[in-house]
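Undergrad: Residues 779 to 1203 (our numbering) are what the sequence shown spells out, left to right. Ideal Cβ placement from N, Cα and C applies to all residues, glycine included. Okay, here's the structure, questions in a sec.
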Amino acid sequence: MVVNIRTESQGETDNLLRQFLGDLPQPGGPGRESQERPTVASGTGFIIDKDGYIITNNHVVEGATKIEVSFLDDDELYEARIVGRDRLTDSALIELTERPSYPLPEASFGDSTQMEAGDWVMAIGNPFGLGHTVTVGVVSAVGRPFVQVRGRSQNVIQTDAAINPGNSGGPLLNLRGEVIGINTAIVSDRPGNLGIGFAVPINTVRALLPQLRTGRVTRGVIGVELYGLTNEDYSDYGLSERMGALVSRISPGGPASRSSLQLEDVIVSFNGERVDDIESLQEKVVATQPGTVVEFGVYRDGEPTSLTITIGELDLEDEGRLADVGVEDLNTGFGMTLQDLDADAARELRLPRGTTGAVVTNADPGGAAQAGGIRPGDVITAVNRTVVSSAAEAIRELNEVEAGRTAFLRVARPDGERLLRLRKE
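Okay, here's the thing in structure tokens:
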């Protein structure tokens, strides 16, 4: 049921080490290729039903102008077409448009949630064009976050079973020969295996199959940026235990901006289901059909309340652009110069009329404030939920924060307000 995949595409092959493809030699020898000659690459896939549907990686077939499939003990090449792709899980469904005369064997699926570190696994693939190569190893870890799309991560299975260029899209199997993952990436300082490979859990992809068959995958989004609460600050928000996700920014024009959600709200439930942390909330949101009205339980100013948000549709391309200017992990300290915000500065910074606070004129290079996401031109309007209207008031409140403790700063920017978290040294 494991197949070799050969693709042709125009332009340069994406050569990112962790999104690896096995380039095949071009005809004519070194230096003979022309820019018009298509790029040829190899990957792996596996058959999921007798009608000729095959699962592989998105990065194996993305941009391909021609896809050909070959089988074990069969030198013929059979053409295939893309049915559906998903960047977030790096998965794709292709269909044979030409089929062999013999019956197609089907993959058996296992339960990837049952895999644990130390479990034996086997990978089958097409490394360096060596089709149907078998390697064995163990599960090194489960639930590793791996960034497939900038700004969002996907939990993957880590294994030391040898995975090399060309293994992309092949199955990771348990001892019963059941597929429990799709081999998708490696971490290495060279174009080969160092014993750190990643596979997307098969349960994740199976849940997407109905959408992949339609050719389009849709996911939910609410348009917020979030912080997890630490052991130090959950009680400051009225919670009796560490849970929930703290709203640090509401995207202008996003679904949440059309609701009553506010900065510093702590989201603790989603349609009655507990929200443990950021990942818990994200999983629930992306799995929800766009257009669904969802009730959110939040803590605001230490008191529980509820509100509704109509889930929007996640645009992964837009998500990547937002991530380029988004916040980083802000668990750091202070180090900045402030001055009063006057009317001229407010106009120059394109801030809403009536905005008051302290404008950041300098953030020490490599210092705590800069590492925390503060940048010159930011206007601090509140410190730890205390509104400040001048540099003196902001400095007074910041001085109240004990060393090693967290300060939450409301910051005004031309694209809207956001909440930044800094840790004082």
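Alpha carbon to alpha carbon, how far is Asn1109 from Ile832?
TA: The residue you call residue 1109 lines up with position 331 of the sequence shown. The residue you call residue 832 lines up with position 54 of the sequence shown. Caution applies to Asn1109, whose pLDDT of 28 falls short of 50 and renders its modelled position unreliable; the value that the coordinates give is listed next. Looking at the two C-alpha atoms, the distance is approximately 44 angstroms.
Undergrad: Hey, how far is the Cα of Leu1059 from the Cα of Leu850?
TA: In the sequence shown, counting from the first residue as 1, residue 1059 sits at position 281. In the sequence shown, counting from the first residue as 1, residue 850 sits at position 72. If you take the alpha carbons of Leu1059 and Leu850, they lie about 43 angstroms apart.
Undergrad: In angstroms with no decimal places, state the Cα-to-Cα distance between Thr1115 and Asn1140.
TA: Along the sequence shown, read from residue 1 onward, the residue named residue 1115 stands at position 337. Along the sequence shown, read from residue 1 onward, the residue named residue 1140 stands at position 362. Whole-angstrom Cα-Cα distance: 5 angstroms.
Undergrad: With 16 as the cutoff for other CB atoms within 10 Å, does Gly806 come out buried or exposed?
TA: Taking the first residue of the sequence shown as 1, we reach residue 806 at position 28. Summary for Gly806: the model assigns pLDDT 48, below 50, so the residue's position carries little reliability, and this model does not support an answer.
Undergrad: So, helix, strand or coil for Val1002, using DSSP?
TA: For the purposes of this step, residue 1002 is taken as residue 224 along the sequence shown, with counting starting at 1. In this structure, Val1002 counts as strand in the three-state DSSP scheme.
Undergrad: Using the C-alpha atoms, what's the distance from Arg1163 back to Ala977?
TA: Mapped onto the sequence shown, residue 977 falls at position 199. Mapped onto the sequence shown, residue 1163 falls at position 385. Rounded to whole angstroms, the gap between the alpha carbons of Ala977 and Arg1163 is 43 angstroms.
Undergrad: Please check the pair Val1025 and Ile1045, which I expect to be a contact at CB under 8 angstroms, by giving their CB distance rounded to whole angstroms.
TA: Mapped onto the sequence shown, residue 1025 falls at position 247. Mapped onto the sequence shown, residue 1045 falls at position 267. Indeed they touch by this definition, with Cβ atoms about 7 angstroms apart.
Undergrad: Which stretch, first to last residue, makes up the beta strand (DSSP E) that contains Ile1158?
TA: Here the question's residue 1158 lines up with position 380 in the sequence shown. Looking at the DSSP string, the run of the beta strand (DSSP E) that includes Ile1158 is Val1157 to Val1161.
Undergrad: Looking at the strands, I want to know which residues DSSP matches up with Gly915.
TA: As a first step, residue 915 must be located in the sequence shown, where it is residue number 137. Beta-bridge pairing links Gly915 to Val899.
Undergrad: Tell me which same chain residues have a C-beta within less than 6 angstroms of the C-beta of Asp889, skipping the five on either side of it?
TA: Numbered from 1 along the sequence shown, position 111 holds the residue referred to as residue 889. Excluding sequence neighbours, Asp889 sits near nothing in its chain.
Undergrad: Look at the alpha carbon of Arg1199 and the alpha carbon of Gly1151, and state the distance between them as a whole number of angstroms.
TA: In the sequence shown, the residue the question calls residue 1199 occupies position 421. In the sequence shown, the residue the question calls residue 1151 occupies position 373. Distance between the alpha carbons of Arg1199 and Gly1151: 9 angstroms.
Undergrad: With distances taken Cα to Cα, identify the nearest neighbour of His910 among Asn1177, Asn942, Met893 and Pro1130.
TA: Numbered from its first residue, the sequence shown carries residue 910 at position 132. Comparing Cα positions, the closest option is Asn942.
Undergrad: Where does Ala1147 sit, in a helix, a strand or coil, going by DSSP?
TA: Mapped onto the sequence shown, residue 1147 falls at position 369. Residue state, collapsed to three classes: helix.
Undergrad: Roughly how many whole angstroms lie between the Cα atoms of Val1179 and Glu1171?
TA: Within the sequence shown, the letter at position 401 stands for residue 1179. Within the sequence shown, the letter at position 393 stands for residue 1171. Cα to Cα, Val1179 sits roughly 13 angstroms from Glu1171.
Undergrad: If we ignore side chains and look at the alpha-carbon of each, how far apart do Arg991 and Asp1142 end up?
TA: Counted from its first residue, the sequence shown places residue 991 at position 213. Counted from its first residue, the sequence shown places residue 1142 at position 364. Going by the C-alpha atoms only, they are around 52 angstroms apart.
Undergrad: Which two residues bound the contiguous beta strand (DSSP E) that contains Asp1014?
TA: Here residue 1014 refers to the residue found at position 236 of the sequence shown. No beta strand (DSSP E) contains Asp1014, which DSSP labels as neither H nor E.
Undergrad: When DSSP labels each residue in this structure, what does Glu939 get in the three-state scheme?
TA: As a position in the sequence shown, residue 939 is number 161, starting the count at 1. Note that residue 939 corresponds to Ala in the displayed sequence, not to Glu. Residue state, collapsed to three classes: coil.
Undergrad: Terminal residues of the continuous alpha helix (DSSP H) containing Ile1152?
TA: As a position in the sequence shown, residue 1152 is number 374, starting the count at 1. No alpha helix (DSSP H) contains Ile1152, which DSSP labels as neither H nor E.
Undergrad: Quick one: grab the DSSP three-state call for Lys1062.
TA: Taking the sequence shown and counting its residues from 1, one reaches residue 1062 at position 284. It is helical.
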